[in-house]
Amino acid sequence: MAEEMNIGQLDENLILKILSLVPIKTVVSTSVLSKEWKSRWKSVPKLKFNSEDYQSEHQTFSETVYKSLLSYEPEVLDSFHLSFGSDKPDAVDVVNWIKTAFALHLRTLVLEFLIYPYEVDEFIFTSSLCTCDTLVTLKLGSLILVDIPAPGLMKSLKTLHLIHAFYTNDESICNLLSGCPRLEELVVERSCEHSVKFFTIKVPSLQRLRIYDDNDEDEFGGYVIDTPSLKYLEIGYLGCPQFSLNAPGLVAAYIGRVSNVISESLVSVRRLVLNVSTSMTIYPPTGCIFCQLVYLQIYTHEPGWYDLLTWMLEHSPKLQVLNLVGKYRINPDYHVLGWEWNKPKSVPECLLPHLETFVWRRYDWKGEKEEEVATYLLNNARGLKNATFSTGPIEPGQLDKLKQRRRTRKKLDGVLKASNTCHLVFNVIAEEMNIGQLDENLILKILSLVPIKTVVSTSVLSKEWQFRWKSVPTLKFNSEDYQSEHQTFSEIVYKSILSYEPEVQDSFHLSFGSDKADAVDVVHWIKTAFALHLRTLVLEFLIYPYEVDEFIFTSSLCTCDTLVTLKLGSLILVDIPAPGSMKSLKTLHLIHAFYTNDESICNLLSGCPRLEELVVERSFEHSVKFFTIKVPSLQRLRIYDDNDEDEFVGYVIDTASLKYLEIGYLGCPQFSLNAPGLVVAYIGRVSNVISESPVSVRRLVLNVSTLMTIYPPTGCIFYQLVYPQIYTHEPGWYDLLTWMLEHSPKLQVLKLVGKYRINPDNHVLGWEWNKPKSVPECLLSHLETFVWRRYDWKGEKEEEVATYLLKNARGLKNATFSTGPIEPGQLDKLKQRRRTCKKLEGVLKASNTCHLVFNSLPCSSPRTPYILAPRSVYAFTLLPLSRCSIKMEIFHFSQSSQLSSKLLYLSAET
């Protein structure tokens, strides 16, 4: 028996490496274990913060990050990862954190804003943040605006990821890249954006480039790529009209959904993967020959793929390996009648001496063109050594399919082959089982944070580790991570789950990409996990292209008594003709799933008697008329539904225990809500009448347009409402404000949020605000705090509303107006804003104790003073949902806080 070892006996570097895999919040908590552990957390080489994890009454997220950074002891910080949810901190905070990390010789910076709703401001990544000499990896996520008017310098940067970032103009992109003289890897993912005309990538040192861009805006012209050292290129999608590529040293390329002509640079590749439709022209100019190409892979999605194959065979004289990949599921309508393949006029040069390996994955043994192409290649490939045809499994009882496939196989066996040494192989998925036993809780918990593929690889370390992976409580599989010629993804999952040993499995996560497993396999895996008393099941099909069949989630999968969390992702069809029973289920996420009918939804939910949290995200769908949610136990509900199909009527919600409601978008004509105990509600883009239920809320966020009627029936009063927040996007928002003031007698905090960028055309002339007929009751006694974020100091209606509130709010203690920064040199704007501030300061206020504050984000300067003020005397988290959910907080500022203010000077030099 092996001797037990306490983690404290391990080498210090190993302990720090282990701690770097754990969330920083947990790492800090180890300081209470012993004197030895008291300051150990300060030496962990990786700091990862997520604002959603830090909802505290005692310390704000900003204070937590500052404390961690300023307590950090080593001279080098390996990684600094910042993720922000709905409670995004002040931009000045973020800049100061990053500069503090730079002073610690930071090597990796990851910055991502996973914020919902999407109207939240972008974080501006400026030239002042392009000054770190030690930074090797930089990853910028969503809602980040790259604004770099002049080149910076990140002389050590080798990896740059730009994932759905925005850019002020073309120059910002050029300036960012020109400041990275050693850049080797660049990943660009973009969608709709209006500010960029040409995305220019001119980086002499670049070796790896990946682009996924579904931006089809008219303003976007395309990509200009000049990368003489480029070796690996991947284009997942490209919808722009122009694409210029200069990459003479290109070795490998993946060309996905590209709608334009690829230049001559592509002909230098040795490995090429083509996953395109026949409507997309990818042929290089006449005369171009792929003289270096030895490996070619073509996806056979469209009826004309065989003509592309002909062209490639004729222009690839040294081809050694040919890999064809068919559709995952064969559609009977796919076998087009009357097609004609334009075979090569003469036997291509590659077939005469060079082609040695031919693999056809997901071969359609019922297709005529498949049989003709396969026969031609076997007839003419003189040097062929291996020909492999891979097909999916046939279940017991499907005798007719088995006979048909045997006939096809016999035909191919009987083909007169040009090569006497050709070995013909037919592959079918098989099952394997391995069983072992081992149990060590601490190590298993650490291993559960690592991808299962890596966990399994530890079995070769020693005899002690040989079977340890089988006891890891969390199993997470992604089919995209398992591309192997030796073992299929299905075989890997079967082997892992059937080798699993503990009596309780904590989590089973299945993600599928283009190589989706057979539905029968998936059902077997899930039922096997159920037998292991599964607690969490996550099932998602992240498949492209979208023609792939849905996976059917049936009643037979609604039978697990131990399941607590169920998350179903895209391309899943919920078909539940009769109620199941998941008596322990508390959390259910339905993310872009489909449903056979209304009854399937009702049957799914009726089988969850203890359900507390439900998230529904939907888009276009034709099968559902009413989406009925009748769950007495439900406490938290989030809906985002942009389905505007005529067949869909709306939602019927009957949830007596519901406390937290978020509606991000709702395009249906009807919405019925019965939730008498509702406490918090976020109402987004709703185009219908909300029932009386919201009048019980204490906190209400309204982000709607004036075209959307959200007023409850006449006579409804928000007696419990103490905190409303209204987004001021449309010219008529002020009438909504009037209505809310008149119907919220106990209002204590009022927050208005303007547009991030003020459009001069938004100042509508001739508007008239229907002020309250008499001073609302809430202004006479209750309103204490008024905040206007992104206040438009040039707008007439803004000034009139602000003046009215200051003149009539008798109990007002704090009024804060927040505006965007004014850059140096914009003197006219500064003067105009000062005049507006002076007007508001001169208003005769109804409250003698009102403290008027004007906030503005300061422009970056060499030395910026920042006051970290005490913030939270009273703070409560109201909605502990997922990352995209509302995390509602109310902050009251107090001069008597025990936390002392700190004045931090962070300079550009440090």
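First residue of the sequence shown: -17, per the working numbering; consecutive thereafter.
Built from N, CA and C at the ideal position, the CB exists for glycine as well.
Inter-residue Cα distance where the pair is residue i and residue j
| i | j | result |
| --- | --- | --- |
| L682 | L723 | 13 Å |
| S187 | D152 | 21 Å |
| S605 | M294 | 43 Å |
| Y194 | Y219 | 5 Å |
| C332 | K325 | 14 Å |
| H63 | L384 | 53 Å |
| K565 | I645 | 27 Å |
| F225 | F180 | 10 Å |
| E594 | R517 | 15 Å |
| L703 | K477 | 56 Å |
| L127 | R387 | 55 Å |
| E780 | T818 | 11 Å |
| V731 | E766 | 6 Å |
| I554 | A575 | 5 Å |
| L596 | N32 | 23 Å |
| T470 | C273 | 32 Å |
| V679 | P133 | 50 Å |
| G562 | L586 | 7 Å |
| V341 | V185 | 37 Å |
| L93 | G802 | 22 Å |
| P840 | S800 | Unreliable positioning characterises P840 in this predicted model, as indicated by a pLDDT of 42, which lies under 50. A coordinate reading is not provided. |
| L359 | L291 | 11 Å |
| G286 | K811 | 60 Å |
| I0 | L306 | 43 Å |
| L420 | V769 | Legend: pLDDT at L420 = 39, less than 50; position of this residue unreliable, value from coordinates given subsequently. One C-alpha to the other measures close to 58 Å. |
| N656 | I635 | 6 Å |
| T569 | C590 | 9 Å |
Cβ neighbour criterion (16 or more within 10 Å) applied to residue i
| i | result |
| --- | --- |
| S328 | exposed |
| F490 | buried |
| V454 | buried |
| A638 | exposed |
| Y48 | buried |
| F858 | The pLDDT assigned to F858 is 27, lower than 50, so where the model puts this residue is not dependable, and the model offers no usable value. |
| R343 | buried |
| F602 | exposed |
| L381 | exposed |
| P335 | exposed |
| E350 | exposed |
| K538 | Reading the sequence as shown, one finds Ser at residue 538 and not Lys. Answer is exposed; the Cβ neighbour count stays below 16. |
| N78 | buried |
| L809 | exposed |
| N257 | buried |
| P658 | exposed |
| R389 | exposed |
| Y701 | exposed |
| N830 | exposed |
Beta-carbon separation (whole angstroms), residue i vs residue j, contact threshold 8 Å
| i | j | result |
| --- | --- | --- |
| I271 | P299 | 7 Å |
| N197 | E175 | 6 Å |
| K776 | Q814 | 7 Å |
| A797 | L834 | 5 Å |
| P727 | I708 | With a Cβ gap of about 17 Å, P727 and I708 do not count as contacting. |
| C114 | F84 | 4 Å |
| T710 | G736 | 5 Å |
| I534 | D557 | 5 Å |
| L406 | A369 | 5 Å |
| V255 | I237 | 7 Å |
Near the ligand SAM: residue i beta-carbon under 6 Å from a heavy atom
| i | result |
| --- | --- |
| T108 | The ligand SAM is absent from the structure shown, which contains no ligand whatsoever. |
Unbroken beta strand (DSSP E) runs of length 3 or more, entirely within the stretch 558 to 620: which are they? 569 to 573, 595 to 600, 608 to 612
Ignoring anything shorter than 3 residues, give me the beta strand (DSSP E) runs that lie fully in the stretch 108 to 133, in order along the chain.
119 to 122, 126 to 129
Q) Taking only runs of the alpha helix (DSSP H) that begin and end inside the stretch 328 to 396, which ones reach a length of at least 4 residues, in chain order? A) Look at the stretch 328 to 396 and you find these whole runs of alpha helix (DSSP H), each 4 residues long or longer: 350 to 362, 381 to 395.
Could you tell me which whole beta strand (DSSP E) segments of length 3 or greater appear in the stretch 753 to 796?
767 to 771
Exercise. Output the residue ranges of the alpha helix (DSSP H) runs that lie fully inside the stretch 486 to 555 and measure 4 residues or longer, sorted by chain position.
Key: 501 to 513
message = List, from N- to C-terminal side, the alpha helix (DSSP H) runs of 4 residues or more that fit wholly inside the stretch 123 to 185.
response = 152 to 160
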